[in-house]
Amino acid sequence: MATEGKNLSTYNKDIIPNSADVKVGIVVSEWNDEITSNLLRGAKQALLDNGVMEENIIIEHVPGAFELPLGSQYLLEYTDVEGVVAIGVVIQGETKHFDFVCSGTTQGIMDANLKFNKPVAFCVLTDNHIQQSIDRSGGKHGNKGIECAVACLKMIHLKRKLNHRYK
Numbered sequence: 045m046a047t048e049g050k051n052l053s054t055y056n057k058d059i060i061p062n063s064a065d066v067k068v069g070i071v072v073s074e075w076n077d078e079i080t081s082n083l084l085r086g087a088k089q090a091l092l093d094n095g096v097m098e099e100n101i102i103i104e105h106v107p108g109a110f111e112l113p114l115g116s117q118y119l120l121e122y123t124d125v126e127g128v129v130a131i132g133v134v135i136q137g138e139t140k141h142f143d144f145v146c147s148g149t150t151q152g153i154m155d156a157n158l159k160f161n162k163p164v165a166f167c168v169l170t171d172n173h174i175q176q177s178i179d180r181s182g183g184k185h186g187n188k189g190i191e192c193a194v195a196c197l198k199m200i201h202l203k204r205k206l207n208h209r210y211k
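Just remember that the numbering used here sits 44 ahead of the position in the sequence shown, which is counted from 1.
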């Protein structure tokens, strides 16, 4: 298990540049809201903790995880965000539906990254049961929302640095 013994909320705040002028979108699945709302709370707080102004955080909701790629694309296309955190959770059930939703969501989020040349952080829990999701959305393994918001900021600053250095 990738999160065994790891707290997803722990990171080195000293390596993230000032983010006061960064604008970030967050797209959140309404499905499994008891989990996604915790991930959203963690992501938003991490952005605020790293200097992102509240008015520079755009939050939109979509019905489920499968709609996250298009929701991310809408934010990248119709706003001036520099990156997006895509938040959702898919919990294994008795059918292959889990596999199709996870596969489509993953590929769609990757496609949005590459199409818009901006980071879309993959904050989609793909767990075997609800307890694993609870553990990763503010439970014993921390909050994946924090980890993904930090990853989004790091990628935004990497792009800025390279753009400044080589253009």
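Ideal Cβ placement from N, Cα and C applies to all residues, glycine included. Please read all numbers here as calculations on a predicted model, not as lab measurements.
In or out: residue 87 buried (at least 16 other Cβ within 10 Å) or exposed?
The sequence position of residue 87 within the sequence shown is 43, counting from 1. Buried: at least 16 other Cβ atoms inside 10 Å.
Given this structure, state the Cα-to-Cα distance separating residue 57 from residue 79, to the nearest angstrom.
Here residue 57 refers to the residue found at position 13 when the sequence shown is read from its first residue. Here residue 79 refers to the residue found at position 35 when the sequence shown is read from its first residue. If I take the Cα positions, the gap works out to 25 Å.
Which whole-angstrom value is the C-beta distance of residue 73 and residue 95, which I expect to be below 8 Å?
Here residue 73 refers to the residue found at position 29 when the sequence shown is read from its first residue. Here residue 95 refers to the residue found at position 51 when the sequence shown is read from its first residue. The Cβ separation is near 27 Å, so there is no contact.
Below 6 Å CB to CB, which residues in the same chain sit around residue 172 once its five sequence neighbours on both sides are set aside?
Working through the sequence shown from its first residue, we reach residue 172 at position 128. Closer than 6 Å at the Cβ level, and outside the excluded window around residue 172, lie 136.
Give a yes or no on whether the C-beta atoms belonging to residue 66 and residue 101 are separated by under 7 Å.
Translated into positions along the sequence shown, residue 66 becomes position 22. Translated into positions along the sequence shown, residue 101 becomes position 57. The answer is no: Cβ separation not under 7 Å.
Roughly how many whole angstroms lie between the Cα atoms of residue 151 and residue 179?
Within the sequence shown, the letter at position 107 stands for residue 151. Within the sequence shown, the letter at position 135 stands for residue 179. Spanning the two alpha carbons is a distance of roughly 25 Å.
In the structure shown, what three-state DSSP assignment does residue 173 receive?
Here residue 173 refers to the residue found at position 129 of the sequence shown. Residue 173: coil per DSSP, three-state reduction.
Taking residue 133 and residue 109 to be in contact with their CB atoms under 8 Å, please state how far apart those CB atoms are, rounded to whole angstroms.
Residue numbering aside, residue 133 sits at position 89 when the sequence shown is read from its first letter. Residue numbering aside, residue 109 sits at position 65 when the sequence shown is read from its first letter. Indeed, because the Cβ distance is near 7 Å, the residues count as touching under 8 Å.
What does a CB cutoff of less than 7 Å around residue 52 pick up in its chain, not counting 5 residues either side in sequence?
Start at 1 with the first residue of the sequence shown, and residue 52 comes out as number 8. Hits under 7 Å: 180, 185, 186, 187, 188, 190 and 191.
For residue 149 versus residue 119, is the C-beta distance shorter than 7 Å?
One-based indexing of the sequence shown puts residue 149 at position 105. One-based indexing of the sequence shown puts residue 119 at position 75. No, the pair does not count as a contact, with Cβ atoms beyond the cut-off.
Hey, residue 194 and residue 130 are a contact pair by Cβ (cut 8 Å); roughly how many whole angstroms apart?
Here residue 194 corresponds to residue number 150 of the sequence shown, with the count starting at 1. Here residue 130 corresponds to residue number 86 of the sequence shown, with the count starting at 1. No, residue 194 and residue 130 are not in contact; Cβ-Cβ is about 15 Å, not under 8 Å.
Between the Cα of residue 141 and those of 199, 170 and 84, spot the shortest distance and give me the residue it belongs to.
By one-based count along the sequence shown, residue 141 stands at place 97. It is 170 whose Cα lies nearest to the Cα of residue 141.
Since residue 156 is in the alpha helix (DSSP H), which residue starts that stretch and which ends it?
Here the question's residue 156 lines up with position 112 in the sequence shown. From DSSP, the alpha helix (DSSP H) with residue 156 extends over 141-160.
Within 10 angstroms of the Cβ of residue 153, are there 16 or more other Cβ atoms? Answer buried if so, exposed if not.
Position 109 of the sequence shown, counted from the start, is the residue given in the question as residue 153. Buried, because 16 or more other Cβ atoms sit within 10 Å of the Cβ of residue 153.
With DSSP as the reference, identify every bridge partner of residue 181, one or two as the case may be.
For the purposes of this step, residue 181 is taken as residue 137 along the sequence shown, with counting starting at 1. Beta-bridge pairing links residue 181 to 187.
Does residue 134 come out as helix, strand or coil in the three-state DSSP assignment?
For the purposes of this step, residue 134 is taken as the residue at position 90 of the sequence shown. If DSSP states are grouped into helix, strand and coil, residue 134 belongs with the strands.
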